[in-house]
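Structure record follows, encoded as structure tokens.
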Amino acid sequence: RTRAALARATLARLQGQPAAAAAALGAAYQRLHDQAGAAHPVTARIGLLYAQALDAARQPTLAAPLREQLQAIVARAYPAASRWRTTTPSH
């Protein structure tokens, strides 16, 4: 179900539907959060994609605190040269 939500998010983004992409990424993030936990690196990566989608959907007040929280997890989990630490991820 998580992969299906990620696929829906990608399709929505490609179709120019940022709100639908954000909703699908939000579902994927919540599922991972519930299954793997908030501090899991993959949960954080998907959460960063969700924050980026929220920005694209013009919801920066939701995106900013999520991004701030998750960047600390990513910083602990990935090497300094990782794309997850050096760039804003894209989906």
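In this text, residue positions in the sequence shown follow my numbering: the first is 11, and each later residue adds one. Ideal Cβ placement from N, Cα and C applies to all residues, glycine included.
Between Ala34 and Ala46 a beta carbon distance of about 18 Å is seen, past the 8 Å cut, so the two are scored as non-contacting.
The count of Cβ pairs closer than 8 Å, one atom from the region 28 to 42 and one from the region 50 to 68, reaches three, so the stretches are in contact. In this structure, Arg41 keeps its C-beta atom at 8 Å or more from the C-beta atom of Thr20.
Unbroken alpha helix (DSSP H) stretches of 4 residues or longer found wholly inside the region 56 to 93: 70 to 87, given in chain order. Membership of His43 in the alpha helix (DSSP H) is indicated by the continuous run Pro28 to Ala46.
Beyond the five residues adjoining it in sequence on each side, Leu64 comes within less than 6 Å, by CB distance, of Ala32, Leu72 and Ala73 in the same chain, given in chain order. Just so you know, the alpha carbons of Tyr39 and Ala54 end up roughly 8 Å apart. Taking 8 Å as the cut-off, the Cβ atoms of Ala22 and Ala30 count as close.
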